[in-house]
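In my numbering, the protein residues as written are 39 to 424. Where is the CB? At the ideal position from N, CA and C, for every residue including glycine. Notes for the one structure printed next.
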Amino acid sequence: MEPSARQTSSNPSPKTPSRTTSETTVQAQSLINWELAASTAARLTPAGPVLGAAEIGAAVENLRLMADISVPHVHDITGLDAARDLRDSEVLVVDRASWARANTQSFAVMLKPAMEKLEGRGSLSPGAAGVSAAITGSQLGAILAFLSSKVLGQYDPFSALAENSTAPASGRLLLVAPNIISVERELNVEPADFRLWVCLHEQTHRVQFAAAPWLRHHMLQEIENLSGLLLGNVDSLMERASAAAKSLKDRAAPGAAPGRGAILDLLQDPAEKAALSRLTALMSLLEGHANVVMDAVDASIVPSVKTIRQRFNDRGQERGMIEKFIRNLLGLDAKMRQYSDGAKFVREVVAAAGMAGFNKVWESAENLPSEPEIHDSKLWLDRMGL
């Protein structure tokens, strides 16, 4: 049996999107059957480790404890006041199916503007549109089923914006218990240490959005600026989603960027190119910052961190599977080789201006580094007067 959010009253399952038959249904939902995507993912998701009821309860309790313990460590490393005693968002310990359902809600939020634009172009009859939505929902569900066995944890800043959501405005932190337990067993590492190590990374993303309350809507706006053009239509959306998932499977060619030329060829307008550049820089910054925090963790925080880091890296399991999928889905795969520069930017700025100087990035959207600044931190330091 897999750890499930439904097995503890303090850890509710992500709320199921409601079925709606009214003509006033949100247009985004008419192009993808999100409920079918969630149920398909639940049906296809691989089985997790076999655990007894007592083991499930202990794992859920311990993961919630590690999530709580990690907060002051993130504060100490980042120096962000937002991380001090952070209690503003949900921490959910979930099974694979619950993770998939939660992500159908988040994808619905992220893709809503693009879906509404596509809806306006459509000429399908209601019956044909329903069939199309079912097909795309099934395809997305199959992709989420694959991802559901790979993701260890995820901070979801968009959950409160989902239809009928009961999530707090600050989002929710999802810890996928079956995957964490599977990996810690495979690596033969100390469970408590590994769980804390995972939580530190995900809590860093949570702290980023807490430190910059404007960041969630800013990120959605940038996604909206790109997604309508890059997705083109529902068929190309699912083709891109399939390619994005396949790229995560294809470890033999980690530098490969599916659809590179075609994606960049679409961007003819200077404003569109600028939007791609800004979103690339933002995601580089967020992931680079989280990786720098992870690298700052030493044995005083996680006693066996060296062993965990070595075995985890040797295993070939990259961090941030869901982030990589979203980047590929949006066409940012064309610049994936540049993402390592995010961590380099953070390290260089901290070395030159201290952590307090770096933390100016969270003050406003104007302080975010541009793509050229990500590659040359001195440009950003000069602009900030540091």
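Local conformation of residue i per DSSP, three classes
i       : result
Leu-424 : coil
Val-340 : coil
Ala-291 : Note that Ala-291 has pLDDT 44, beneath the 50 cutoff, so the model's placement of it is unreliable and no number is given.
Trp-252 : coil
Ala-43  : Caution applies to Ala-43, whose pLDDT of 39 falls short of 50 and renders its modelled position unreliable; the value that the coordinates give is listed next. Reduced to three states, the DSSP call for Ala-43 is helix.
Asn-263 : helix
Phe-196 : coil
Ser-101 : In the sequence as presented, Ser is not what sits at residue 101; that position holds Leu. DSSP places Leu-101 in helix when its eight states are reduced to three.
Ser-186 : helix
Glu-93  : helix
Gly-179 : helix
Asn-329 : helix
Asn-71  : coil
Ser-208 : coil
Arg-233 : helix
Ala-80  : helix
Val-227 : coil
Gly-380 : helix
Asn-202 : coil
Thr-62  : Only weak support exists for where Thr-62 lies, its pLDDT of 31 falling under 50; the value from the coordinates is given anyway. In the structure shown, Thr-62 sits in coil (DSSP, three-state: anything other than H, G, I, E or B).
Among the options, the one whose alpha carbon lies nearest that of residue i
i       : options                               : result
Asn-327 : Ala-313, Glu-240 and Arg-349          : The residue asked about is misnamed: residue 327 is His in this sequence, not Asn. The candidate whose alpha carbon is nearest that of His-327 is Glu-240.
Asp-420 : Asp-106, Ala-319 and Phe-396          : Phe-396
Val-335 : Pro-87, His-113 and Met-148           : His-113
Asp-194 : Val-399, Leu-424 and Asn-141          : Asn-141
Trp-72  : Ala-171, Pro-151, Ala-97 and Ala-85   : Ala-171
His-413 : Val-384, Glu-128, Glu-401 and Val-331 : Val-384
Leu-199 : Ile-173, Asp-231 and Gln-143          : Gln-143
Phe-145 : Leu-118, Leu-69, Ala-120 and Pro-341  : Leu-69
Glu-404 : His-256, Arg-349, Lys-382 and Thr-204 : His-256
Met-153 : Lys-398, Val-330, Ile-261 and Val-331 : Ile-261
Asn-351 : Asp-333, Ala-337 and Leu-213          : Asp-333
Thr-242 : Gln-348, Lys-344, Ile-115 and Thr-345 : Ile-115
Leu-213 : Lys-311, Lys-398, Lys-382 and Asp-106 : Asp-106
Val-330 : Ser-378, Leu-314 and Ala-312          : Ser-378
Contact check, residue i vs residue j, beta carbons under 8 Å
i       : j       : result
Arg-210 : Leu-264 : no
Gln-246 : Leu-324 : yes
Ala-180 : Ala-138 : no
Arg-233 : Leu-101 : yes
Arg-134 : Ser-187 : yes
Ala-75  : Leu-182 : yes
Val-132 : Ala-230 : no
Leu-238 : Arg-353 : no
Ala-309 : Pro-407 : no
Ser-415 : Glu-386 : yes
Trp-418 : Glu-411 : yes
Leu-427 : Val-221 : The requested residue 427 does not occur in the structure, where the chain is confined to residues 39 to 424.
Ser-127 : Arg-244 : yes
Gly-175 : Met-393 : no
Gly-424 : Ala-391 : It is worth fixing the name first, because residue 424 is Leu in this sequence and not Gly. Yes, they are a contact pair.
Ala-249 : Ala-97  : no
Ile-219 : Val-236 : no
Thr-345 : Val-169 : no
One or two residues paired with residue i in a DSSP bridge
i       : result
Leu-213 : Val-131 and Gly-191
heavy atom of the ligand SAM below 7 Å from residue i C-beta
i       : result
Leu-314 : In terms of ligand content, the structure shown is empty, and the ligand SAM therefore cannot be addressed.
Task: Within the segment 384 to 413, ranges of the alpha helix (DSSP H) (whole runs, at least 4 residues) - done: Those alpha helix (DSSP H) runs which fall completely within the segment 384 to 413 and span 4+ residues are 409 to 413.
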